[in-house]
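J.:
There are 2 protein chains.
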Amino acid sequence: MTPTQPHTVVSSQSLLDHWQGHRRLTRRVIEAFPEDQLFSFTVGSMRPFPEMVKEFLKMTEPIAHGVATGKWKEFGGDLESVRTKAELLRLWDEATEKLNAIWPTIPEHRFAQVDKAFGQWVNSGINTILYGIDNEIHHRGQGYVYLRALKIEPPPFWER
Amino acid sequence: MTPTQPHTVVSSQSLLDHWQGHRRLTRRVIEAFPEDQLFSFTVGSMRPFPEMVKEFLKMTEPIAHGVATGKWKEFGGDLESVRTKAELLRLWDEATEKLNAIWPTIPEHRFAQVDKAFGQWVNSGINTILYGIDNEIHHRGQGYVYLRALKIEPPPFWER
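Read top to bottom, the protein sequences are chains A and B.
Here the first sequence stands for residues 20 to 179, where the numbers follow our numbering.
Here the second sequence stands for residues 20 to 179, where the numbers follow our numbering.
Here you go:
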């Protein structure tokens, strides 16, 4: 008996498609909030949803860039001054384009290679990417609770 | 120029490890609820957390079985009569063992093959599996809000 090759179940391109599908859903969740509640509404002393969205922005393009290059930099945009839904969505759409542009430049070996993401978190490139995606799904699910508590129907989870 | 092979970023074994890591975290979230709040507490007219956990159970082993065999069956256990945290955790642990047992039997081609999951949802095996994982992350994030609203510190998201 010789060991078989590990089964390939997710390719680089399909993972990008998966992430961008989730990001389109997150964008719809941002849009679903009324402007006057978006930056203020919370449940259980948690952060308002835009603070979670800023966390996604701090992870998305910087993670792709870090896995691609081995250089870990902070998010380059101005998140502190964001006060409106339109500003948040503009930053979101910019990150969408940047993610699409960086992704094909990730060298294949960097997905498996272990690195210290942002100088702090030791993990393989793929696990750092999956952490970013999962973190977005996790906190977006919390945004769903905010919308329900506001009696607003969230966008369907299965639509990407 | 010839097209290159798509980059492999996730293997079958690493995806199982990823899922079981998330399932260990979900188990800790179930444990974190006080027994007297677990089956009753909600926010915004949503389901109590055990109803979400039952949904995860209905997806986990049946999805693995369906992708492995092409036969889509309902969850075999008795979910209706579950009234205690201990019963829920026992079903959870049974599903953990079943998922581990079924996973290595999934033929490689079934991950990419499109099938009609549970006779209803047309998708590739991998996308049906990722839907199950993502659905668990999404609703578990809602359980985190319940815990916060109960003034209980949830388990760290990064511990798997």
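Heads up, the beta-carbon is just placed ideally off N, CA and C, and yes, glycines get one too.
Because the structure is a prediction, the values reported are computed rather than measured.
1. State whether the segment 153–166 of chain A contacts the segment 157–174 of chain B, with contact taken as three or more CB pairs (one from each stretch) at a distance under 8 angstroms.
2. Looking at the structure shown, is residue 33/A part of a helix, part of a strand, or coil, going by DSSP?
3. Name, please, each residue of chain B whose Cβ falls closer than 8 angstroms to the Cβ of residue 168/A.
4. Check the C-beta distance from residue 67/B over to residue 60/B and give it rounded, since I have them as a contact under 8 angstroms.
5. With H, G and I counted as helix, E and B as strand and the rest as coil, what does DSSP make of residue 111/A?
6. Measure from the C-beta of residue 128/A to each C-beta in chain B and report whether the shortest distance is under 7 angstroms.
7. On the CB-based measure, 16 or more other CB atoms within 10 Å of its CB, does residue 173/A come out buried or exposed?
8. Note down, in chain order, all residues in the segment 127–153 of chain B with a beta-carbon under 7 angstroms from any beta-carbon belonging to chain D.
9. Which first and last residues belong to the alpha helix (DSSP H) in which residue 86/B is found?
10. Quick check: what's the CA-CA separation for residue 58/A versus residue 69/A?
11. With a 10 Å radius around its C-beta and 16 neighbouring C-beta atoms as the bar for buried, classify residue 128/B as buried or exposed.
12. Does DSSP put residue 177/A in a helix, a strand or coil?
13. So, helix, strand or coil for residue 134/B, using DSSP?
T.: This is what the structure holds:
1. Using a Cβ-Cβ distance cut-off of 8 angstroms, the segment 153–166 of chain A and the segment 157–174 of chain B are in contact, since at least three pairs of beta carbons, one from each stretch, lie closer than that value.
2. The count along the first sequence starts at 1 and reaches residue 33/A at position 14. The answer is helix: DSSP assigns residue 33/A an H, G or I state.
3. Taking the first residue of the first sequence as 1, we reach residue 168/A at position 149. Chain B residues near residue 168/A: 62, 63.
4. Sequence index remark: in the second sequence, residue 67/B carries index 48 (1-based). Sequence index remark: in the second sequence, residue 60/B carries index 41 (1-based). The beta carbons of residue 67/B and residue 60/B sit about 6 angstroms from each other, so the pair counts as a contact at 8 angstroms.
5. Along the first sequence, read from residue 1 onward, the residue named residue 111/A stands at position 92. Assigned with DSSP and collapsed to three states, residue 111/A falls in helix.
6. The residue you call residue 128/A lines up with position 109 of the first sequence. Taking Cβ atoms only, chain B never reaches closer than 7 angstroms to residue 128/A, which makes this a no.
7. In the first sequence, the residue the question calls residue 173/A occupies position 154. The residue is buried, with at least 16 neighbouring Cβ atoms inside 10 Å.
8. Although the question refers to chain D, the structure presented lacks it and instead comprises the protein chains A and B.
9. For the purposes of this step, residue 86/B is taken as residue 67 along the second sequence, with counting starting at 1. In this chain, the alpha helix (DSSP H) harbouring residue 86/B covers 68–88.
10. Locating residue 58/A in the first sequence gives position 39, where the first residue counts as 1. Locating residue 69/A in the first sequence gives position 50, where the first residue counts as 1. Each residue's Cα considered, the two are about 6 angstroms apart.
11. Here residue 128/B refers to the residue found at position 109 when the second sequence is read from its first residue. Burial check for residue 128/B: the Cβ neighbour count within 10 Å stays below 16, so the residue is exposed.
12. Position 158 of the first sequence, counting from 1, holds the residue named residue 177/A. In the structure shown, residue 177/A sits in coil (DSSP, three-state: anything other than H, G, I, E or B).
13. By 1-based counting over the second sequence, the position of residue 134/B is 115. Secondary structure of residue 134/B (DSSP, three-state): strand.
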